[in-house]
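Trainee: My questions all concern the structure below.
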Amino acid sequence: MKVMKFGGTSVGTPERMKGVSELITRSGEPTFVVLSAMSGTTNSLIEISNYLYKKNPEGANEIINNLERKYLTYIDELYSTDEYKEKTHEFLNGEFNYLRSFTKDLFTSFEEKNIIAQGEIMSTNMVVNYLQEQGVNAILLSALDFMRTDKNAEPDSSYIKQKLTAIMKENEGRQIYITQGFICRNAYGEVDNLQRGGSDYTASLIGAAMIADEIQIWTDIDGMHNNDPRVVDKTEAVRQLNFEEASELAYFGAKILHPTCVQPAKYAGIPVRLKNTMEPDAEGTIINNVLVRGKIKAVAAKDNITAIKVKSSRMLGASGFLRKVFEIFESYQTSIDMVATSEVGVSMTIENGVHLTEIVDELKQYGTVTVDSNMCIVCVVGDLDWNNLGFETIAAEAIKDIPVRMISYGGSNYNISFLIRESDKKRALQSLSAVLFN
Ligand code: ADP
Ligand code: ASP
Ligand code: MG
Numbered sequence: 059m060k061v062m063k064f065g066g067t068s069v070g071t072p073e074r075m076k077g078v079s080e081l082i083t084r085s086g087e088p089t090f091v092v093l094s095a096m097s098g099t100t101n102s103l104i105e106i107s108n109y110l111y112k113k114n115p116e117g118a119n120e121i122i123n124n125l126e127r128k129y130l131t132y133i134d135e136l137y138s139t140d141e142y143k144e145k146t147h148e149f150l151n152g153e154f155n156y157l158r159s160f161t162k163d164l165f166t167s168f169e170e171k172n173i174i175a176q177g178e179i180m181s182t183n184m185v186v187n188y189l190q191e192q193g194v195n196a197i198l199l200s201a202l203d204f205m206r207t208d209k210n211a212e213p214d215s216s217y218i219k220q221k222l223t224a225i226m227k228e229n230e231g232r233q234i235y236i237t238q239g240f241i242c243r244n245a246y247g248e249v250d251n252l253q254r255g256g257s258d259y260t261a262s263l264i265g266a267a268m269i270a271d272e273i274q275i276w277t278d279i280d281g282m283h284n285n286d287p288r289v290v291d292k293t294e295a296v297r298q299l300n301f302e303e304a305s306e307l308a309y310f311g312a313k314i315l316h317p318t319c320v321q322p323a324k325y326a327g328i329p330v331r332l333k334n335t336m337e338p339d340a341e342g343t344i345i346n347n348v349l350v351r352g353k354i355k356a357v358a359a360k361d362n363i364t365a366i367k368v369k370s371s372r373m374l375g376a377s378g379f380l381r382k383v384f385e386i387f388e389s390y391q392t393s394i395d396m397v398a399t400s401e402v403g404v405s406m407t408i409e410n411g412v413h414l415t416e417i418v419d420e421l422k423q424y425g426t427v428t429v430d431s432n433m434c435i436v437c438v439v440g441d442l443d444w445n446n447l448g449f450e451t452i453a454a455e456a457i458k459d460i461p462v463r464m465i466s467y468g469g470s471n472y473n474i475s476f477l478i479r480e481s482d483k484k485r486a487l488q489s490l491s492a493v494l495f496n
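Add 58 to the 1-based position in the sequence shown for my numbering, that's all there is to it.
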């Protein structure tokens with residue numbers, strides 16, 4: 059069976075929902091479909107939660123009313139029969155009454171995760187109703203019944219596999235199985251999610267659990283491009299990527315894939331195909347085990363990075379210095395992306411700066427601390443094994459006019475990362491594209 063995931067823009071209007079329905083039924087084969095919320099909805103739901111958190115029910119109500127107005131107009135555009143118009147109307151009424159219930163009694167503990175989950179719950183119900191109206195043998199399976207994280211907030215793969223297998227057995231013989239991306243339950247059974255953009259991760263986890271033939275991520279662009287299309291003008295789709303290359307690109311800012319999405323597919327050996335909903339016949343990108351030797355594939359960049367340097371003569375020849383430094387980051391659950399060391403100092407980068415002040419404070423016991431904010435990691439990805447001569451020179455040469463704060467090479471065979479100022483990002487990406495791909 060194939061798993062097909064459609065992102066927010068792919069289900070962003072009734073017209074698009076009809077397009078998705080056409081795409082998932084055209085092969086006639088049983089297919090498992092994962093849907094995101096309609097584009098913009100998750101942001102609105104987060105905004106509603108923020109107003110509720112600030113105990114401002116009017117603010118929350120205004121967004122709920124706007125969202126409701128928009129959703130109600132979709133009913134006439136999507137369905138042709140009174141039966142399905144009424145059915146969906148009733149369902150959406152229930153949804154918006156549920157959201158409003160939180161504005162009425164601000165002193166009951168409101169559950170942000172429950173509010174945020176409604177986007178995917180609405181889109182999947184709307185599409186399944188449409189398919190059923192069209193006579194398709196489709197069923198909606200609630201992700202909350204099988205998608206679960208463990209006590210470390212990591213997906214509980216064996217639970218997911220066991221539950222999903224049982225649910226699929228109970229529902230054998232359907233053509234289309236639809237579920238929500240992004241949402242899950244945590245180890246305590248509470249509604250939770252897999253972080254922003256997490257629907258890709260849902261699709262990959264489901265594909266791995268079901269040992270699918272292929273996991274397809276359908277979005278608004280024809281695959282992984284060789285540079286960030288939001289920043290660089292002339293980018294091109296990369297036809298094939300190795301799992302490792304795709305992971306590096308996703309982790310270092312290629313927004314088309316959720317950072318952890320590749321892992322479950324990689325471990326299960328299931329190819330991932332990136333496709334464009336607006337241009338379904340375009341080839342897209344295939345991600346698999348094949349490694350094309352000696353080729354630079356793409357460039358990605360991640361903003362909002364903070365670099366922290368600890369300089370200390372105590373590091374000289376001392377063992378255990380790095381462990382003590384890293385333990386401080388660990389105690390604040392802050393992960394380190396890049397590291398560069400010398401005999402008398404170490405530089406590290408972090409993306410999550412929530413505990414920056416505390417971390418810096420504690421690091422001061424080990425040396426002089428310097429912090430550089432508004433930095434950006436630019437990452438060049440491909441087969442960059444050290445036996446492939448000259449790639450690091452070509453990449454460095456491409457950005458020779460840009461001040462580089464840190465370089466990381468050799469951590470994996472697939473990437474060279476440069477830490478530069480965020481304000482130099484555009485120039486760096488453009489220059490890398492010109493040198494590497496033209
Ligand atoms: P979806 O809502 O379908 O999950 P996303 O917005 O999360 O879609 O991801 C698709 C977007 O990722 C594209 O519109 C594009 O702007 C952006 N993007 C960033 N880097 C890349 C890249 N290297 N290749 C393709 N798209 C990229
Ligand atoms: N709807 C969620 C988000 O906007 C998940 C996703 O689209 O992947 O982040
Ligand atoms: Mg996405």
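Where is the CB? At the ideal position from N, CA and C, for every residue including glycine.
Bear in mind that the values here come from a model prediction, so they are computed numbers and not experimental data.
So, under 8 Å CB-CB, residue 472 and residue 228 are touching, yes? Tell me the CB distance rounded to an integer number of Å.
Mentor: In fact, because the Cβ distance is near 42 Å, the residues do not count as touching under 8 Å.
Trainee: To which residues does DSSP link residue 319 through a beta bridge?
Mentor: None, per the DSSP bridge assignment.
Trainee: Closest to residue 494 by CA distance: which of 399, 467, 385 and 452 is it?
Mentor: 452
Trainee: Just checking, does the region 91-105 make contact with the region 237-251 on the three C-beta pairs under 8 Å criterion?
Mentor: yes
Trainee: For a test of the three-state rule: what should DSSP assign to residue 455, helix, strand or coil?
Mentor: Note: residue 455 maps to helix in three-state DSSP.
Trainee: Does the beta-carbon of residue 312, which I'm using as the reference point, lie nearer than 6 Å to any heavy atom of the ligand ADP?
Mentor: yes
Trainee: Reducing DSSP to helix, strand and coil, say where residue 253 ends up.
Mentor: coil
Trainee: With a cut-off of 6 Å, give the chain-ordered residues whose Cβ is closer than this to any heavy atom of the ligand MG.
Mentor: 65, 255 and 258
Trainee: Suppose the cutoff is 8 Å on Cβ atoms and the five residues either side in sequence are ignored; what does the same chain contact list for residue 138 look like?
Mentor: 191
Trainee: If you check the beta carbons only, do residue 293 and residue 285 fall under 7 Å apart?
Mentor: yes
Trainee: Does the Cβ of residue 112 have 16 or more other Cβ atoms within 10 Å, making it buried, or fewer, making it exposed?
Mentor: exposed
Trainee: Nearest to residue 414 by alpha carbon, out of 122, 144 and 362?
Mentor: 362
Trainee: Apart from the five residues just before and just after residue 335, which ones in its own chain have a Cβ nearer than 6 Å to its Cβ?
Mentor: 68 and 276
Trainee: Using CA coordinates, which residue listed in 311, 399 and 426 is at the minimum distance from residue 436?
Mentor: Here the closest residue by C-alpha is 311.
Trainee: With residue 329 and residue 344 assumed to form a contact (beta carbons below 8 Å), what rounded beta-carbon distance in angstroms separates them?
Mentor: At roughly 6 Å, the Cβ-Cβ gap stays under 8 Å, so residue 329 and residue 344 are in contact.
Trainee: In chain order, what residues of the same chain lie with their CB nearer than 7 Å to the CB of residue 201, ignoring the 5 residues before and after it?
Mentor: These residues qualify, in order along the chain: 237, 238, 241, 242 and 260.
Trainee: Have a look at residue 174 and residue 461 and give me their C-alpha separation to the nearest angstrom.
Mentor: 41 Å
Trainee: Beta-carbon within less than 6 Å of residue 456's beta-carbon, same chain only, minus the 5 sequence neighbours each way: which residues are those?
Mentor: Take residue 456, set aside five residues on each side of it, and the residues of its chain with a beta-carbon closer than 6 Å to its own are 489, 490 and 493, in chain order.
Trainee: Going by the CB atoms, is the gap between residue 177 and residue 103 shorter than 7 Å?
Mentor: Result yes, Cβ atoms of residue 103 and residue 177 sit closer than 7 Å.
Trainee: Just to confirm the assignment, what range does the alpha helix (DSSP H) spanning residue 201 have?
Mentor: Counting along the chain, residue 201 falls outside any alpha helix (DSSP H), and DSSP gives it neither H nor E.
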